[in-house]
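Protein chains in written order, with my numbering: chain A, 12 to 329; chain B, 12 to 329. No residue lacks a Cβ here, since even glycine has one placed at the ideal position from N, Cα and C. Everything below concerns the one structure shown next.
Number of protein chains: 2
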Amino acid sequence: MNFDNLINDYENLINKKLKTVYKNGPKSLVEVFNYVINSDGKRVRPILTLLTNHVCKGNIENALPAALSIEMFHDFTLVHDDIMDDDKVRRGLKTVHEKWDLGTGVLTGDLILSVSLNNLIKNYQNNSNVVKIFTKGLLAVCEGQALDKEFESKQKISITEYMKMIDLKTGYLLGMCTEIGAVTAEVNNYDARKLREYGILLGRGFQIQDDYLEIFSDSKKMGKSLQSDIMLNKKTFLMILANLKCPKLIQDAIELSKKDFNKGIDLVRKLLVEKGVKKETECKINEIFSEANKILNDLNFDTSFLHSYSMHILNRRR
Amino acid sequence: MNFDNLINDYENLINKKLKTVYKNGPKSLVEVFNYVINSDGKRVRPILTLLTNHVCKGNIENALPAALSIEMFHDFTLVHDDIMDDDKVRRGLKTVHEKWDLGTGVLTGDLILSVSLNNLIKNYQNNSNVVKIFTKGLLAVCEGQALDKEFESKQKISITEYMKMIDLKTGYLLGMCTEIGAVTAEVNNYDARKLREYGILLGRGFQIQDDYLEIFSDSKKMGKSLQSDIMLNKKTFLMILANLKCPKLIQDAIELSKKDFNKGIDLVRKLLVEKGVKKETECKINEIFSEANKILNDLNFDTSFLHSYSMHILNRRR
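Below, the structure written as structure tokens:
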């Protein structure tokens with residue numbers, strides 16, 4: 012089977028399975044659970060899990076429940092992050108706390124995580140390794156989110172601090188996907204560790220690219236939370252670089268965007284191009300993806316589908 | 012050792028251990044985590060876990076990590092419930108979202124649950140039963156909370172519906188304590204199931220008593236969320252009974268309390284006494300505790316310390 016068909020099949024399978032995962036709870040919960048879970052996500056994480064399992068010659072049945080739990084884990088973080096940032100739109104739909112109310116947002120996040128964990132424990136009670144990797148990831152994401160919040164109230168953040176934050180917030184979760192994909196295919200420890208490193212790098216590249224697309228993509232799907240990011244003084248790779256290169260100019264542009272969003276953002280974009288920040292970010296993203304692919308090259312089995320997936324992510328427009 | 016000393020020792024041990032459970036995360040998280048965890052809780056759940064393990068002649072070392080995870084699980088629910096009900100005070104301290112902000116409240120709840128789960132998985136990777144009981148309880152609590160919220164917008168709730176809700180919200184968690192206390196002492200399945208049933212009943216009695224104390228206790232520690240309960244139209248055992256006996260009068264008193272809280276609540280109390288709701292609730296609480304103790308009597312080992320604990324809870328004033 013070729014790569015595109017495989018990815019497509021995975022996506023359809025994941026979407027189909029997610030539709031049936033929570034149907035018997037209180038009516039109010041079932042409704043909002045499925046509103047979130049069936050929304051138009053990219054399914055990057057569960058696809059990555061299944062794909063890693065595939066290149067490791069595993070049985071998809073052993074990886075699929077974990078892939079679903081990972082997607083739910085991700086969705087839980089989205090619902091709660093949207094509250095923290097007061098974002099109004101997610102995946103083209105109103106966010107939960109916006110469409111319902113704050114309490115429903117908090118509770119729905121908790122529920123999605125509960126369903127995710129129950130699904131995981133049910134399917135991996137004899138594979139405590141999978142459960143352990145998963146719960147470690149949960150802690151990492153909370154800590155990454157906390158650093159992200161801490162950074163809001165600081166002016167100067169170094170690239171090193173930023174990298175630590177996105178590794179916790181995004182990298183470890185993608186590293187969890189590849190590690191669980193590998194572990195459920197019963198590869199040796201060395202290969203599982205290497206695939207985890209690959210996943211973390213992929214996550215790092217993915218996050219910086221997210222920062223980048225949010226400012227430069229034409230897609231309506233992106234730019235979704237650019238306004239809240241600006242208002243909250245979020246630290247992105249581009250803003251940190253710009254703060255190093257032209258602190259005064261970029262701060263003025265950001266202040267302007269708080270008053271006149273479109274005008275301010277146009278100025279921010281112009282500065283990022285003129286001062287070389289855009290170019291440097293593109294280079295950094297490419298560098299990280301190259302580093303990730305190098306890890307794949309060093310493994311002694313066919314990882315070409317993961318290579319293709321790296322490229323699939325690198326070339327995304329949303 | 013006598014009962015009071017044992018309970019005291021457990022409480023001190025739990026408080027001591029909780030102080031060291033999360034120290035190495037991002038500064039902002041460590042601070043707020045320990046603010047919540049070290050607050051003046053009654054530690055009902057972890058003490059119940061250890062006590063059950065004790066009467067089952069288990070080794071405390073096997074139950075202690077679970078007891079700590081259960082207390083953290085409970086604290087996670089409190090932090091998020093306080094957001095949902097917008098309560099300002101908890102255990103004599105400002106609630107997290109009130110002292111910090113909403114985002115910190117959401118994230119701190121998530122973190123406490125993450126730490127709880129990591130602590131559980133680390134200590135019970137070879138006892139998947141404990142992990143399974145725990146995650147099932149997590150789902151039950153979310154569903155109970157959802158029903159509680161659903162009831163806010165309904166006028167007529169039956170006692171049966173109410174019982175189902177509090178079993179999910181409170182009962183199963185106490186049932187989890189006794190079941191895990193028993194399982195970590197390696198008792199047979201029958202005894203573990205019976206002790207679970209005892210815990211669920213204890214939780215049911217505890218919750219109705221909570222409803223009761225919130226209205227009738229003189230303690231400053233209670234009545235903490237009475238105002239928000241009234242505003243949110245929360246269904247308690249007493250309100251459901253009153254709605255059956257004198258719907259018009261009680262609704263008028265509640266409406267009055269929304270305008271003049273003290274005057275309205277005095278009228279509510281007066282009605283609950285005059286119409287026999289207070290008395291009937293006291294009877295119901297006693298009936299449930301008797302039923303719980305009957306289960307203990309049927310077990311063929313010495314459960315007197317659990318009897319004492321039932322009485323300890325029944326006689327609490329906060």
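Mark I226(B) as exposed unless 16 or more other C-beta atoms lie within 10 angstroms of its C-beta, in which case mark it buried. Here the question's residue 226(B) lines up with position 215 in the second sequence. Counting Cβ neighbours within 10 Å, I226(B) comes out buried, since at least 16 surround it.
Applying the criterion that 16 or more other CB atoms from any shown protein chain within 10 Å of the CB defines a buried residue, is M176(B) buried or exposed? Position 165 of the second sequence holds residue 176(B). Answer is buried; the Cβ neighbour count reaches 16.
My output table needs one value for K246(A): the three-state DSSP class, helix, strand or coil. If you number the first sequence from 1, residue 246(A) lands on position 235. Reduced to three states, the DSSP call for K246(A) is coil.
Using the Cα positions of S315(A) and F145(A), report the straight-line distance between them to the nearest angstrom. Counting from one through the first sequence, the residue named residue 315(A) turns up at place 304. Counting from one through the first sequence, the residue named residue 145(A) turns up at place 134. Going from the Cα of S315(A) to the Cα of F145(A) covers about 26 angstroms.
For the alpha helix (DSSP H) containing K102(B), name the first residue and the last one. The sequence position of residue 102(B) within the second sequence is 91, counting from 1. According to the sequence as given, residue 102(B) is Arg; it is not Lys. Where R102(B) is concerned, there is no enclosing alpha helix (DSSP H), given that its DSSP letter is neither H nor E.
Any C-beta of chain B sitting closer than 8 angstroms to the C-beta of D335(A)? Residue 335(A) falls outside the range modelled here, since chain A spans only 12 to 329, and no answer is possible.
Rounded Cβ spacing between F300(A) and K246(A) (contact assumed at less than 8 angstroms): Position 289 of the first sequence holds residue 300(A). Position 235 of the first sequence holds residue 246(A). With a contact defined as Cβ atoms closer than 8 angstroms, F300(A) and K246(A) miss out at about 22 angstroms.
Give a yes or no on whether the C-beta atoms belonging to L61(B) and A74(B) are separated by under 8 angstroms. Here the question's residue 61(B) lines up with position 50 in the second sequence. Here the question's residue 74(B) lines up with position 63 in the second sequence. Pairing L61(B) with A74(B) gives a Cβ-Cβ distance under 8 angstroms.
Distance, Cα to Cα, R207(A) vs A203(B)? As a working note, residue 207(A) is residue 196 in the first sequence. As a working note, residue 203(B) is residue 192 in the second sequence. Cα-Cα distance, rounded: 40 angstroms.
Measure the alpha-carbon distance for E42(B) versus T119(B) and round it to whole angstroms. Residue numbering aside, residue 42(B) sits at position 31 when the second sequence is read from its first letter. Residue numbering aside, residue 119(B) sits at position 108 when the second sequence is read from its first letter. Approximately 10 angstroms, taken between the alpha carbons.
Among K270(B), E266(B) and I261(B), which residue has its Cα nearest to the Cα of R280(B)? Walking along the second sequence from the start, residue 280(B) turns up at place 269. Minimum Cα distance to R280(B) is reached at I261(B).
So which residues on chain B does M95(A) lean against when the C-beta distance must stay under 8 angstroms? As a first step, residue 95(A) is located in the first sequence; it is residue number 84 there, counting from the start. For M95(A), the chain B residues whose C-beta falls within less than 8 angstroms of its own C-beta are L113, G114, V117 and L118, listed in chain order.
On the DSSP letters alone, give me the boundaries of the alpha helix (DSSP H) that Y320(A) sits inside. For this step, residue 320(A) is matched to residue 309 along the first sequence. Residues S315 to L325.
In chain B, which residues lie with their C-beta within 8 angstroms of the C-beta of K167(A)? Along the first sequence, one-based indexing puts residue 167(A) at 156. Ordered by position in chain B, no residue passes the 8 angstroms Cβ test against K167(A), which lies about 16 angstroms from the chain.
Cβ of H91(A) less than 8 angstroms from any chain D Cβ? Reference to chain D is not applicable here, since the protein chains of this structure are A and B.
Backbone CA spacing between G103(B) and E109(B) [nearest angstrom]: Along the second sequence, one-based indexing puts residue 103(B) at 92. Along the second sequence, one-based indexing puts residue 109(B) at 98. The alpha-carbon atoms of G103(B) and E109(B) are separated by roughly 13 angstroms.
Under a three-way DSSP split, which group does Q166(A) fall into? Translated into positions along the first sequence, residue 166(A) becomes position 155. Residue state, collapsed to three classes: coil.
Helix, strand or coil for Q220(A) per DSSP? Position 209 of the first sequence holds residue 220(A). The answer is helix: DSSP assigns Q220(A) an H, G or I state.
Can you check whether the CB of A151(A) is closer than 8 angstroms to the CB of L40(B)? Looking up residue 40(B) in the second sequence gives position 29. Looking up residue 151(A) in the first sequence gives position 140. No, Cβ-Cβ distance for L40(B) and A151(A) is not below 8 angstroms.
Taking its Cβ as the centre, do 16 or more other Cβ atoms sit within 10 Å of C335(A), making it buried, or is it exposed? Since the displayed chain A opens at 12 and closes at 329, residue 335(A) lies outside it and no answer follows.
Against V288(A), what residues of chain B qualify as contacts under a CB-to-CB distance less than 9 angstroms, listed in chain order? Position 277 of the first sequence holds residue 288(A). For V288(A), no chain B residue has a Cβ inside 9 angstroms of its Cβ, as the nearest lies near 27 angstroms away.
By DSSP, does G52(B) sit in helix, in strand, or in coil? For this step, residue 52(B) is matched to residue 41 along the second sequence. Three-state DSSP puts G52(B) in coil, outside helix and strand.
Do R56(A) and L184(A) count as a contact pair if the criterion is CB distance below 8 angstroms? Translated into positions along the first sequence, residue 184(A) becomes position 173. Translated into positions along the first sequence, residue 56(A) becomes position 45. Yes. Within cutoff.
Three or more C-beta pairs below 8 angstroms linking the region 73-88 of chain B and the region 122-130 of chain B: yes
Burial state of S50(A), where buried means 16 or more other Cβ atoms lie within 10 Å: For this step, residue 50(A) is matched to residue 39 along the first sequence. Answer is exposed; the Cβ neighbour count stays below 16.
Just verifying my parser: in three-state terms, what is the DSSP assignment at T195(B)? Counting from one through the second sequence, the residue named residue 195(B) turns up at place 184. Coil.
So, does the CB of D146(A) fall closer than 8 angstroms to a CB anywhere in chain B? Translated into positions along the first sequence, residue 146(A) becomes position 135. In the sequence as displayed, the identity of residue 146(A) is Thr instead of Asp. Output row for T146(A): interface = yes.
Are the Cβ atoms of V117(A) and V107(B) separated by less than 8 angstroms? Working through the first sequence from its first residue, we reach residue 117(A) at position 106. Working through the second sequence from its first residue, we reach residue 107(B) at position 96. No. Outside cutoff.
Beta carbon proximity, G36(A) to chain B, threshold 8 angstroms: As a first step, residue 36(A) is located in the first sequence; it is residue number 25 there, counting from the start. Yes, its Cβ sits closer than 8 angstroms to a Cβ of chain B.
Applying a beta-carbon distance threshold of less than 7 angstroms, which residues of chain B neighbour N311(A)? The sequence position of residue 311(A) within the first sequence is 300, counting from 1. Those within 7 angstroms of N311(A) in chain B number zero; the least Cβ separation is about 30 angstroms.
Which residue wins for smallest C-alpha separation from M174(A), given the options I132(A), A193(A) and R215(A)? Counting from one through the first sequence, the residue named residue 174(A) turns up at place 163. The option with the nearest alpha carbon to M174(A) is R215(A).
Which same chain residues, not among the five before or five after D159(B), have their C-beta less than 8 angstroms away from its C-beta? Counted from its first residue, the second sequence places residue 159(B) at position 148. Same-chain partners within the cutoff: M176, K180, K245 and K246.
Exposed or buried, what is Y223(A) when buried is set at 16 or more other beta-carbons lying within 10 Å of its beta-carbon? The count along the first sequence starts at 1 and reaches residue 223(A) at position 212. With 16 or more other Cβ atoms within 10 Å, it is buried.
C-alpha distance - I25(B) paired with N64(B), whole-angstrom precision: Stepping through the second sequence from its first residue, residue 25(B) is reached at position 14. Stepping through the second sequence from its first residue, residue 64(B) is reached at position 53. Taking the straight line joining both Cα atoms gives about 15 angstroms.
When you compare each of N308(A), D96(A) and K28(A) to Y209(A) by their alpha carbons, which one comes out closest? Stepping through the first sequence from its first residue, residue 209(A) is reached at position 198. Out of N308(A), D96(A) and K28(A), N308(A) has the C-alpha closest to the C-alpha of Y209(A).
A157(A) touches chain B at which residues, Cβ-Cβ below 8 angstroms? Taking the first residue of the first sequence as 1, we reach residue 157(A) at position 146. Correct list: G36, P37, S39, L40, L118 and L122.
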